[in-house]
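First comes the structure, then the notes that go with it.
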Amino acid sequence: MGQDLRNWNIEDEGYWASTGKAIATRNLWISIPSLLCGFAVWLYWGIITVQMVNLDFGFAKSDLFTLGAIAGLTGATLRIPSTFFIRIAGGRNTIVFTTALLMIPAIGAGLALQDPDTPLWYFQLLAFLSGIGGGNFSSSMSNISFFYPKKIQGYALGMNAGLGNFGVTTMQILIPLAMTMGIFGGESRTLVNTSGTLIGKIPAGTETYIQNAGLIWLVFLIPLAVIGWFGMNNIRDEHVSPNIPNPLGAFATITGMLMIGFITAAFGLWLLLPTVDGGLPTSGFGVSKWIVLPIVIAATVLGLKMIPGAVGQNLSRQYKIFGNKHTWAMTVIYTMTFGSFIGYSAALALTIKVVFGFTHVAGADGVMMHDAVNPNGPSALMFAWMGPFIGALIRPIGGMMADRLGGARVTQWISIVMVGSALGVAYFIQQAYASATPEQYFYPFLGLFLILFAATGIGNGSTFRTIAMVFNKEQAGPALGWTAAVAAYGAFIIPKVFGEQLKAGHPEYALYGFAIFYAVCIAINWWFYLRPGAYVKNP
Numbered sequence: 030m031g032q033d034l035r036n037w038n039i040e041d042e043g044y045w046a047s048t049g050k051a052i053a054t055r056n057l058w059i060s061i062p063s064l065l066c067g068f069a070v071w072l073y074w075g076i077i078t079v080q081m082v083n084l085d086f087g088f089a090k091s092d093l094f095t096l097g098a099i100a101g102l103t104g105a106t107l108r109i110p111s112t113f114f115i116r117i118a119g120g121r122n123t124i125v126f127t128t129a130l131l132m133i134p135a136i137g138a139g140l141a142l143q144d145p146d147t148p149l150w151y152f153q154l155l156a157f158l159s160g161i162g163g164g165n166f167s168s169s170m171s172n173i174s175f176f177y178p179k180k181i182q183g184y185a186l187g188m189n190a191g192l193g194n195f196g197v198t199t200m201q202i203l204i205p206l207a208m209t210m211g212i213f214g215g216e217s218r219t220l221v222n223t224s225g226t227l228i229g230k231i232p233a234g235t236e237t238y239i240q241n242a243g244l245i246w247l248v249f250l251i252p253l254a255v256i257g258w259f260g261m262n263n264i265r266d267e268h269v270s271p272n273i274p275n276p277l278g279a280f281a282t283i284t285g286m287l288m289i290g291f292i293t294a295a296f297g298l299w300l301l302l303p304t305v306d307g308g309l310p311t312s313g314f315g316v317s318k319w320i321v322l323p324i325v326i327a328a329t330v331l332g333l334k335m336i337p338g339a340v341g342q343n344l345s346r347q348y349k350i351f352g353n354k355h356t357w358a359m360t361v362i363y364t365m366t367f368g369s370f371i372g373y374s375a376a377l378a379l380t381i382k383v384v385f386g387f388t389h390v391a392g393a394d395g396v397m398m399h400d401a402v403n404p405n406g407p408s409a410l411m412f413a414w415m416g417p418f419i420g421a422l423i424r425p426i427g428g429m430m431a432d433r434l435g436g437a438r439v440t441q442w443i444s445i446v447m448v449g450s451a452l453g454v455a456y457f458i459q460q461a462y463a464s465a466t467p468e469q470y471f472y473p474f475l476g477l478f479l480i481l482f483a484a485t486g487i488g489n490g491s492t493f494r495t496i497a498m499v500f501n502k503e504q505a506g507p508a509l510g511w512t513a514a515v516a517a518y519g520a521f522i523i524p525k526v527f528g529e530q531l532k533a534g535h536p537e538y539a540l541y542g543f544a545i546f547y548a549v550c551i552a553i554n555w556w557f558y559l560r561p562g563a564y565v566k567n568p
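First residue of the sequence shown? That's 30 in our numbering, and the numbers climb one at a time after it.
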């Protein structure tokens with residue numbers, strides 16, 4: 030246990046049965062909870078911000094949406110360097126170190142949430158650091174792929190990705206429960222608005238421990254780092270990690286590559302975010318996100334390529350995927366599926382709180398007012414976990430459907446469902462945000478949103494099938510890493526768009542925009558993979 034592996038010949042059935050399977054299984058079952066915690070720390074701002082509203086931290090609701098957006102942009106950007114960690118630093122070194130790094134934002138959040146005078150910029154900085162958890166997906170998937178023979182890689186990667194994604198649901202259930210108890214000490218705070226957990230509402234006036242939203246993850250991260258150090262392995266063969274340095278050297282290499290992602294993400298946020306009182310210093314230009322994101326992605330790719338020595342040489346070979354037209358088609362399509370899943374996961378709880386937790390009535394001047402608490406509003410913390418749970422649980426069904434019917438065909442069907450669901454959600458949000466009794470529209474809204482989540486989950490499975498079919502063996506891995514990195518920007522785009530449209534008074538416009546994007550994806554999928562004479566027919 031913990032030692033480096035050599036002559037890792039898992040395609041030999043005898044070696045696999047006698048030696049490989051037990052080692053691979055151990056590495057997988059340490060990898061899964063580590064990745065789960067990464068997803069949880071990355072996306073917990075969606076739940077924390079709801080409780081910040083319930084405790085009246087004094088920040089504008091649109092400013093709170095920036096926390097999830099910042100974490101989303103950083104996490105997606107860090108996936109780009111994380112794709113290449115395993116060959117350069119080794120699997121055990123990478124998983125242990127990146128899991129341990131999650132303790133920094135978790136402790137920081139626990140401390141900051143105890144102080145009612147903590148400024149917005151400090152929470153934004155912690156959201157920036159929590160993006161480490163989003164980046165961990167690419168390195169985790171790359172690592173597990175080397176431990177299993179090709180005939181069961183689908184199982185291994187599906188378990189790692191699927192159960193790792195349950196970090197979103199786990200977080201949305203665990204954090205509300207943890208906040209009800211003084212587990213770690215510290216002062217409690219009194220709820221100004223109604224809160225809740227999985228099992229029911231919590232009335233205003235109840236004491237709560239919001240700091241536990243960050244501190245609870247130390248219960249898992251500390252033992253996982255120790256277990257990973259003693260239980261995981263680096264594979265030192267030529268095709269995996271042949272020339273890795275000692276652990277401290279590996280940690281330094283990972284840190285340097287992460288810093289490139291942090292720098293480019295910070296530059297993007299500096300350009301992007303408007304100047305906010307109490308927020309991080311920005312350019313004040315409020316540059317369009319549609320301009321900033323390509324700049325951030327390109328700067329990260331170029332920054333990594335400029336690294337001298339073996340790292341830069343390794344990346345040059347991987348970058349051949351950018352000359353393949355399918356890379357760009359599948360990047361857009363996978364963004365529709367996984368990008369929507371992760372973005373809605375980040376934004377759903379706060380959207381429920383803002384749209385249905387307040388009444389919406391016209392003031393004396395005819396201007397709509399959205400500040401009065403709705404006593405009959407649903408608890409966001411009771412319902413927000415359902416969407417990510419369904420989206421993650423149904424993913425294997427999408428893969429099985431795609432294996433039987435063809436990936437592109439299944440993708441086409443779910444794209445149509447996503448257009449219809451998004452338009453339906455938009456309608457009910459529009460009705461609710463102009464109503465003194467928005468709760469009457471909640472269950473149709475929730476039902477359509479759950480259908481939307483289910484469609485994204487099925488689409489995740491079907492797009493994996495298409496990627497595996499249209500790329501050769503050398504390009505399939507880098508293409509999957511690249512598409513996963515770009516799609517993860519959905520965790521930035523969707524909360525950002527919701528926050529902008531909410532501030533403008535028309536949150537339904539966000540869903541109209543997403544529906545238009547899904548319609549474009551239908552056309553791309555048809556042109557590349559379904560039309561007569563398609564480049565690859567229904568892969």
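For glycine and all other residues, C-beta sits at the position ideal for the given N, C-alpha and C.
For the 8 Å CB-CB criterion, Leu479 and Gly416 form a contact. Here the alpha carbons of Val248 and Thr293 stand approximately 32 Å from one another. Counting only residues of its own chain and dropping the five nearest sequence neighbours on each side, Met200 has a CB closer than 7 Å to the CB of Ala69, Leu72, Tyr73 and Ile76.
With respect to the C-alpha of Val384, the residue from Ala520, Phe412 and Gln459 having the closest C-alpha is Gln459. Taking C-beta separations shorter than 8 Å and ignoring five residues to either side along the sequence, the partners of Met498 in its chain run Gly436, Val565 and Pro568, following chain order. Within the same chain, Cβ atoms closer than 6 Å to the Cβ of Met411 are found at Gly225, the five residues on either side in sequence being excluded.
The C-alpha of Ala505 is placed about 23 Å away from the C-alpha of Ala552.
A direct Cα-to-Cα measurement between Ile136 and Ala156 gives close to 12 Å.
Only buried fits Ala455, as 16 or more other CB atoms lie within 10 angstroms of its CB. For Arg121, the closest alpha carbon among the candidates Ala431, Ile283, Ile212 and Ala517 is that of Ile283. In the three-state DSSP reduction, Ile161 falls in the helix class (H, G or I). Contact between the stretch 378-395 and the stretch 440-456 is absent, with fewer than three C-beta pairs closer than 8 Å. In this structure, Gln240 places its C-beta atom within 8 Å of the C-beta atom of Gln143. In this chain, the alpha helix (DSSP H) harbouring Lys90 covers Lys90 to Ser111. Excluding its 5 nearest sequence neighbours in each direction, Asn353 has C-beta neighbours in its own chain below 8 Å: Phe500, Gln504 and Ala508, listed in chain order.
Fully enclosed beta strand (DSSP E) runs of no fewer than 3 residues are not present anywhere in the stretch 122-199.
Phe457 sits close to Pro473, with the two beta carbons spaced by under 8 Å. The beta carbon of Gly315 lies closer than 6 Å to those of Pro303 in the same chain, with the five residues before and after it left out. A check of alpha carbon separations from Lys180 across Ser217, Lys50 and Leu250 identifies Lys50 as the nearest. By the CB criterion at 8 Å, Pro337 and Gly187 fall outside the cutoff. According to DSSP, Gly449 shares a beta bridge with no other residue. Within the stretch 249-337, the complete alpha helix (DSSP H) segments at least 4 residues long are 276-301 and 318-334, listed from N- to C-terminus. Inter-segment contact for the stretch 95-103 and the stretch 518-528 is present: three or more beta-carbon pairs are separated by less than 8 Å. Measuring C-alpha to C-alpha distances from Gly229 to each of Leu206, Ala514, Leu309 and Asp85 identifies Leu206 as the nearest. Distances from the alpha-carbon of Gly386 to those of Phe418, Ile362, Phe471 and Ser450 put Phe471 closest. As the crow flies, the alpha-carbon of Ser270 is around 28 Å from that of Ile133.
Thr219 sits in a strand when the DSSP states are folded into three classes.
Residue range Phe471 to Val499 is occupied by the alpha helix (DSSP H) that includes Ser491, with no beta strand (DSSP E) assigned at that position.
Beta bridge pairing from DSSP links Gly435 with no other residue. Shown here for Gly427: same chain residues with a beta carbon closer than 7 Å to its own, the five before and five after excluded, namely Val439, Gly486, Ile487, Gly488, Asn489, Gly490 and Ser491 in chain order.
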